[in-house]
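Residue numbers (my numbering), protein chains in the order written: chain A, 1254 to 1581; chain D, 1254 to 1581.
Presented below is the structure to which this report refers.
Number of protein chains: 2
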Amino acid sequence: MRVAVVGATGAVGRELVKVLEARRFPLSELRLYASPRSAGETIPFCGEAIPLEVLPEGPLPADIVLASAGGGLSKRHAPAWVAGGSVVIDNSSAFRYDPEVPLVVPEVNAEAARQHQGIIANPNCTTAILAVALWPLHQAFKAQRVIVSTYQAASGAGAKGMQELLDETHKVLHGQAAAAQVFPHPLAFNVLPHIDAFQENGYTREEMKVVWETRKIFGDPELKISVTAVRVPTLRTHAEAVTVEFARPVTPESARAVLEAAPGVRVVDDPERRAYPMPLTATGRWEVEVGRIRKSLVLENGLDFFVAGDQLLKGAALNAVQIAELLL
Amino acid sequence: MRVAVVGATGAVGRELVKVLEARRFPLSELRLYASPRSAGETIPFCGEAIPLEVLPEGPLPADIVLASAGGGLSKRHAPAWVAGGSVVIDNSSAFRYDPEVPLVVPEVNAEAARQHQGIIANPNCTTAILAVALWPLHQAFKAQRVIVSTYQAASGAGAKGMQELLDETHKVLHGQAAAAQVFPHPLAFNVLPHIDAFQENGYTREEMKVVWETRKIFGDPELKISVTAVRVPTLRTHAEAVTVEFARPVTPESARAVLEAAPGVRVVDDPERRAYPMPLTATGRWEVEVGRIRKSLVLENGLDFFVAGDQLLKGAALNAVQIAELLL
Chain A
1254 MRVAVVGATG AVGRELVKVL EARRFPLSEL RLYASPRSAG ETIPFCGEAI
1304 PLEVLPEGPL PADIVLASAG GGLSKRHAPA WVAGGSVVID NSSAFRYDPE
1354 VPLVVPEVNA EAARQHQGII ANPNCTTAIL AVALWPLHQA FKAQRVIVST
1404 YQAASGAGAK GMQELLDETH KVLHGQAAAA QVFPHPLAFN VLPHIDAFQE
1454 NGYTREEMKV VWETRKIFGD PELKISVTAV RVPTLRTHAE AVTVEFARPV
1504 TPESARAVLE AAPGVRVVDD PERRAYPMPL TATGRWEVEV GRIRKSLVLE
1554 NGLDFFVAGD QLLKGAALNA VQIAELLL
Chain D
1254 MRVAVVGATG AVGRELVKVL EARRFPLSEL RLYASPRSAG ETIPFCGEAI
1304 PLEVLPEGPL PADIVLASAG GGLSKRHAPA WVAGGSVVID NSSAFRYDPE
1354 VPLVVPEVNA EAARQHQGII ANPNCTTAIL AVALWPLHQA FKAQRVIVST
1404 YQAASGAGAK GMQELLDETH KVLHGQAAAA QVFPHPLAFN VLPHIDAFQE
1454 NGYTREEMKV VWETRKIFGD PELKISVTAV RVPTLRTHAE AVTVEFARPV
1504 TPESARAVLE AAPGVRVVDD PERRAYPMPL TATGRWEVEV GRIRKSLVLE
1554 NGLDFFVAGD QLLKGAALNA VQIAELLL
C-alpha cells in the first residue's frame, strides 16, 4: 500500500507520519508533500529520513492520500488524485457536507467508509472527540438533546497557533503586550468564544460543524445539538463539557458501564483520587478520556460528563489513519 | 463610617482597599488586618500608607467589617465583631447557607441586605457574575432550566493561585515540570474540571454553590440549575457559557434589550467586530460582560450566551463594597 501525506510539515501532518509508524501501518512506500519552502528537508519515519517533496499538479503515486493542507488545496487537487486511482482521506472541511462523501469516525460508522467514491472526509476535531464518547451512550439510551461547551487547544489552528500561544505567553510573563495574528485576540491567559467565522444564526461555523457533522456521522438528522466553542490557552488537547438528555432512563453507573466497554474510550472517573479527563493526561493518547459522569440536575434522563481528547490525534491524524486501516 | 478589612493582603483584600478608594466610599477610618507576618507593612489608600495590624481577639473598632480571610476565621471571629456593634460583610462561604443571613447581589436583592442581623454574606464569585446577567432575563422571561459551564481563573484560589499559575507557566516554557501545590494538578496549559471538594452526587462543592446560592439570591428555591466548574489558565476573570430555557418566548433581540438596560451589565455582542466577552477585556471592569447571545438550537424558548466578569471585583471585592454602600 503506497501512502502519501500532503501537508506533511503541519501540526497534523507530522502526527500523521508518527501515527502511521506507531500503528505499523502496512505501507510499501511513503511520500511526503509540503510547500516549496520545506524542499530539501526530511522527516524521520521508521528509521529512515523521508524527503519532503513539492506537491505536483495532477495525480500522485499513492493508493491512499492523507490530505491535511487546507480546504482550498484539497478542493483543487482531490479530483486529480482520485482520477489517478488514489483514495483521498481529507482532513479539511471541503467535502464533509457533500452527500456523496462519507464522513467517518471508525468507532461509529466504519461501514460508511466502504461506500466511498474516492474521497472520505475526516471530521472536525471537536466532533470526532465528542462522537467517540457520545455514540455508545446514544446507542444505549438514545440521545435527544445535547449541549456542549468546549475548551479547545491552540493546535486547532495548526503549528502556527501553538507557536503563537507560546510566544504570547512568554511575552506576557515578561510584561510585554501580546499581539495576535493567528487568533482573533491574544490567547495567552485569555479565553476566546470565537472559532471560525460567525454564521447568520449567531453561532460560529466551528459550532455548527459539530451540529452538522454529528448528525451525519450518527445518521440521525433529527438529533438536537448545540455548542459553545471556546478557545483556551492549552496546546493540543480539546476538552468538552457535555450535557445530554436521553429518551431512556440512564444512571451514571449504567453510562459508565457502557463507556467502559466502548472502543476508543478511556473512562477516567475517580474524583476521590483526583482522576478526571484533562489535557495534561489526554495529550498523546489515542483514547478519548471520559469522566465527571453524573446525573443532570435539570434534565429528565439527563447526564453530564467531561471529555478530553488529543486534537491532533483522535481529533485529526489518528482518525484519518484509522479510516485508512478500514481500506486495507 | 469606620471600616475594617480583615485579610487585607489577600488577592480579594487588596482589591477591597482599591474599590473603597475608587468608589469614594465615605469612610472616616480604615483599619487593615492581616496575619502577623505582614506586621509593619503598609497598604496605600487615598494617598496615605495604612499600617497592617495583627487581628486581635474580640470586637473591632469598625462599623463595617469586610472579611476575606477564609471561612474558619470568619466563623471564629464574626460573633464577637457583631457583638461589638459591627456589621460583617463576609466573603467566605461560612454563613451563606444560614437562613438568618442575607446573601446579597445588590443588582438582584438589595432589599435582603436590610434584614441582616449583623452578618451579610457575599456570594461565590461564579454565582455573583452569573446572577448579574441572569436576573434581568429571569425577571423578563422567567428562567426554568439553566446549564452553565465555567472557565474560572486562578484568582479564585487567591494570590497564591495566581502566583502558582505564573510560576508553572514559566517552568513549562523552560522545559521544566510543573508541580502543583495550590491546585489539584498543574494548571499551566491545562484545564481542571475540579474546583473545591467532590460531593456525594458527583458534583463539586463549587458547582453546588452556584445552585444553592442562585436559588437563595433569586428567592426561587425551585429554579433548576446545573454547573460544570472548570479551572482554566487565566489570571483573574471568570467566563461562563450559559444555556437557559425560559417559560416565556424570548429572542436574542429582546434579551439584548433587557440586558442593555440592566445594572452591572455591559453588553459586548458585536461578532462582526470580534466583540464578545473575554477575560482580556473584562479584567479590571466593574460590569459583567455579556455577549454571544443567540437562540438555543435545542431548547424551546431557549437562549445561549457567554459572560465574563472579574472574579476579584464583581466576583468578590466590588460586590462586598456595593453591599456596604447599601448600609449607608
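Just so it is clear, CB atoms sit at the ideal spot from N, CA and C, and this is done for glycine as well.
Computed from a predicted structure; not experimentally measured.
Item, Value
"Beta strand (DSSP E) runs wholly inside the stretch 1379 to 1462 of chain D, at least 3 long, in chain order", "1396 to 1404"
"Positions along the stretch 1519 to 1537 of chain A whose CB lies within less than 8 Å of some CB in chain D", "Pro1524, Glu1525, Arg1527, Tyr1529, Pro1530, Met1531, Pro1532 and Leu1533"
"Residues near Thr1363 of chain D in its chain [Cβ-Cβ closer than 8 Å; skip 5 each side]", "First, the amino acid is wrong: residue 1363 of chain D is Ala here, not Thr. Within the same chain, Ala1363 of chain D has close Cβ partners Val1357 and Leu1579."
"Contact with chain D by Gly1414 of chain A, beta-carbon distance below 8 Å", "no"
"Thr1481 of chain D (DSSP reduced to helix, strand or coil)", "strand"
"Within 8 Å, strictly: CB atoms of Gln1517 of chain D and Glu1360 of chain D", "Note on residue identity: the sequence assigns Gly, not Gln, to residue 1517 of chain D. Their beta carbons are under 8 Å apart, which means Gly1517 of chain D touches Glu1360 of chain D by this criterion."
"Per-residue contacts from His1423 of chain D into chain A (C-beta, under 8 Å)", "Leu1426"
"Gly1263 of chain D versus Arg1267 of chain A: straight-line alpha-carbon distance, rounded", "46 Å"
"Every unbroken alpha helix (DSSP H) inside the stretch 1487 to 1551 of chain A [4 residues or more]", "1505 to 1513 and 1532 to 1535"
"CB contact check: Pro1502 of chain D to chain A, cutoff 8 Å", "no"
"Start and end residues, beta strand (DSSP E) containing Val1357 of chain D", "Premise fails: Val1357 of chain D is in no beta strand (DSSP E) and is neither H nor E."
"Simplified DSSP state of Arg1267 of chain D, which is helix, strand or coil", "helix"
"Rounded straight-line distance, which links the Cα of Ser1549 of chain D to that of Ala1561 of chain D", "19 Å"
"Chain-ordered neighbours of Ile1478 of chain A on chain D, where CB pairs are closer than 9 Å", "Leu1550 and Val1551"
"Nearest-angstrom Cβ-Cβ length linking Val1213 of chain D and Val1270 of chain D, presumed shorter than 8 Å", "Since the first and last residues shown for chain D are 1254 and 1581, residue 1213 of chain D lies out of range."
"C-beta neighbour in chain A for Gly1568 of chain D, strict 8 Å", "no"
"CB contact check: Tyr1456 of chain A to chain B, cutoff 8 Å", "In summary, chain B is missing from the structure at hand, where the protein chains are A and D."
"Listed by chain order, chain A residues near Thr1379 of chain D by CB distance under 8 Å", "By Cβ distance, chain A contributes nothing, its closest Cβ being about 14 Å from Thr1379 of chain D, past 8 Å."
"Any C-beta of chain A under 8 Å from that of Asn1445 of chain D", "Correcting the residue identity first, residue 1445 of chain D is Leu in this sequence and not Asn. So, interface residue."
"Given 8 Å, three or more beta-carbon pairs between the stretch 1381 to 1397 of chain D and the stretch 1411 to 1421 of chain D", "no"
"Same chain, Cβ closer than 6 Å to Val1480 of chain A, five either side skipped, listed in chain order", "Val1401, Glu1460 and Val1463"
"Contact belief for Ala1386 of chain A with Val1541 of chain A at Cβ below 8 Å, rounded distance in angstroms", "6 Å"
"Helix, strand or coil at Leu1283 of chain D according to DSSP, with G and I counted as helix", "strand"
"Element boundaries [beta strand (DSSP E), containing Leu1556 of chain A]", "Gly1555 to Asp1563"
"Chain A contact residues for Thr1487 of chain D, given Cβ-Cβ distances below 7 Å", "Phe1442, Asn1443 and Val1444"
"Given 8 Å, three or more beta-carbon pairs between the stretch 1488 to 1497 of chain D and the stretch 1517 to 1533 of chain D", "yes"
"Given 8 Å, three or more beta-carbon pairs between the stretch 1339 to 1349 of chain D and the stretch 1310 to 1326 of chain D", "yes"
"Within-8 Å CB hit, Ala1492 of chain A to chain D", "yes"
"9 Å Cβ cut-off: residues of chain A touching Leu1387 of chain D", "By Cβ distance, chain A contributes nothing, its closest Cβ being about 14 Å from Leu1387 of chain D, past 9 Å."
"Leu1579 of chain A - DSSP class collapsed to helix/strand/coil", "helix"
"Residue-level contact to chain D via CB, Trp1545 of chain A, 8 Å cutoff", "Checking the sequence, you will find Arg at residue 1545 of chain A rather than Trp. Answer yes: the Cβ-Cβ gap between Arg1545 of chain A and chain D drops below 8 Å somewhere."
"Residues sharing a beta bridge with Ile1317 of chain A, DSSP", "A:Val1256 and A:Val1340"
"According to DSSP, residues forming a beta bridge with Thr1652 of chain A", "Look at the range of chain A in this structure, 1254 to 1581, and you will see that residue 1652 of chain A is not part of it."
"Enclosing beta strand (DSSP E) for Phe1595 of chain A [first to last residue]", "A query on residue 1595 of chain A cannot be resolved here, the shown segment of chain A reaching from 1254 to 1581 and no further."
"Outcome for Asp1522 of chain D when other beta-carbon atoms lying within 10 angstroms are tallied against a minimum of 16", "buried"
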